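Going by the numbering used here, the letters in the sequence shown line up with residues 1 to 132, in that order. This report concerns only the one structure given below.
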Amino acid sequence: MDAVISPWARRRARRRLAVLQARQALVALPEIRWRDDTSEEQARVQLQNVAAIIGRALRRVRASSEEARALKYAQARLTAFLEGWDDPGLITPIHLVPMYQSLEAALRTLSLRLETAENLDPPEDPDEPIPR
C-alpha cells in the first residue's frame, strides 16, 4: 500500500531541497580568469544563476528563520557585487579581484551557516496539525 504523504511533509521536503540547492550553489562559485572576456562573461552568468537559486530558496523558507537571514545576506552580497561589476564607478577594476575573493569567502561562510541551520530542529510549522 502506498504511503500517504501529508502536504506539510511535502512542503518541508521542498524547503529542505531548496536550501540544499542554495548551499551547493554558494559553494560552487566559478573560478574567474580576470581580463579574459569569455571567462568573465561565463562567471557573470553563473553568478546570476546562483542569485536565481538563492531567490527560489528564499521563497521556500520561513521569513524569520536563520536560513532566510543567511540567504538574504547572500543575495544582498551577490547582487551588490554584480551591480558593482557592471558599473566601473562602483567597483573599480583594481578592486574587482579582492572584492570577488571577499564575496567568495562570505558566501562559503554562509553556506556553512545554512548547513548548521539545517541541522537544528526547526520550529514547528504553525499550519501543521498537531499529531494525535
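In this text, a Cβ means the ideal position worked out from N, Cα and C, and glycines have one as well. It should be emphasised that the depicted structure is a prediction, and the values quoted were computed from it without experimental measurement.
Task: At least three beta-carbon pairs within less than 8 Å, the region 16–27 to the region 46–59 - done: In short, these stretches touch, since the Cβ pair count reaches three.
Open item on the list: Tell me the DSSP secondary structure of Ile53 in three-state form.
Closed with: By one-based count along the sequence shown, residue 53 stands at place 53. If DSSP states are grouped into helix, strand and coil, Ile53 belongs with the helices.
TODO: Mind reading off the beta-carbon distance from Val61 to Leu71? Whole number of angstroms is fine, and I expect it under 8 Å.
DONE: The residue you call residue 61 lines up with position 61 of the sequence shown. The residue you call residue 71 lines up with position 71 of the sequence shown. Contact between Val61 and Leu71 holds: their C-beta atoms lie close to 7 Å from each other, under 8 Å.
Task: Endpoints, alpha helix (DSSP H) assigned at Arg16 - done: For the purposes of this step, residue 16 is identified with residue 16 of the sequence shown, where counting begins at 1. Its alpha helix (DSSP H) spans residues 7–27.
TODO: Go ahead and label Ser64 buried or exposed: buried means 16 or more other beta carbons lie within 10 angstroms of its beta carbon, across all protein chains shown.
DONE: The sequence position of residue 64 within the sequence shown is 64, counting from 1. By the neighbour-count criterion, in which a residue is buried when 16 or more other Cβ atoms sit within 10 angstroms of its Cβ, Ser64 is exposed.
Task: Neighbourhood of Ala51 by C-beta distance below 6 Å, restricted to the same chain and skipping five residues each side - done: Residue numbering aside, residue 51 sits at position 51 when the sequence shown is read from its first letter. Closer than 6 Å at Cβ, skipping near neighbours: Leu78.
Task: Cα-Cα separation between Glu104 and Glu66, rounded to whole angstroms - done: As a position in the sequence shown, residue 104 is number 104, starting the count at 1. As a position in the sequence shown, residue 66 is number 66, starting the count at 1. Those two C-alpha atoms are separated by around 20 Å.
- [ ] Using 10 angstroms around the beta-carbon of Ala28, count the other beta-carbons present and answer buried if the total reaches 16, otherwise exposed.
- [x] Along the sequence shown, read from residue 1 onward, the residue named residue 28 stands at position 28. With a 10 Å radius around the Cβ and a threshold of 16 neighbouring Cβ atoms, Ala28 comes out exposed.
- [ ] Determine whether the Cβ of Ala80 lies closer than 9 Å to any Cβ atom of chain C.
- [x] Among the chains in the structure shown there is no chain C, since it carries only a single protein chain.
Open item on the list: Check for me: the alpha helix (DSSP H) holding Asp36 runs from which residue to which?
Closed with: Within the sequence shown, the letter at position 36 stands for residue 36. Looking at the DSSP string, Asp36 is not in any alpha helix (DSSP H), and its letter there is neither H nor E.
- [ ] Work out the CA separation of Arg10 and Val4 for me, nearest whole Å.
- [x] Counting from one through the sequence shown, the residue named residue 4 turns up at place 4. Counting from one through the sequence shown, the residue named residue 10 turns up at place 10. C-alpha separation (whole angstroms): 11 Å.
Open item on the list: For Ala18, count the other beta carbons within 10 Å of its own beta carbon; 16 or more makes it buried, fewer makes it exposed. Which is it?
Closed with: For the purposes of this step, residue 18 is taken as residue 18 along the sequence shown, with counting starting at 1. With 16 or more Cβ atoms within 10 Å of its Cβ, Ala18 is classed as buried.
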